[in-house]
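Note that the numbering used here has the sequence shown beginning at 2, numbered continuously upward.
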Amino acid sequence: MDSRLPRRPATGASVAVLLDTPWPKLDAVDCAAAHPLHLSRCTQRAPQAIRDPARRTALRRAARAGGVTVIDPAQGVLLCSAQTILLSCV
């Protein structure tokens, strides 16, 4: 894997790296359909949900070196609106 990411563009646009989302224990849709009132049965704790920790570490390092923001879905839930994307811990 190339350890470099592009630096911030000359336009001043913000750049972010979105890390992989954690993997569910089972098929998420099927599990939610089978347990709509007990969704905790469908969850999986890290580190089991993180499939490639070495890749995540390499992406974090490359992003830091390039001054790029890292968004890690494993740290919370992404909340989106027309103007902003937040990372809200759960």
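Note that the Cβ used here is the ideal one computed from N, Cα and C, for glycine as well.
Counting other Cβ atoms within 10 Å of its Cβ, Leu60 reaches 16 or more and is therefore classed as buried. Residue Ala75 holds the alpha-carbon nearest to the alpha-carbon of Asp53 among Ser15, Ala75, Val69, Leu38. Taking a cut-off of 8 angstroms for Cβ pairs, the stretch 19-34 and the stretch 55-72 touch, as three or more such pairs fall below it.
Excluding its 5 nearest sequence neighbours in each direction, Thr44 has C-beta neighbours in its own chain below 8 angstroms: Pro25, Lys26, listed in chain order.
Checking the DSSP bridge columns, you'll see Ala17 partnered with Thr70.
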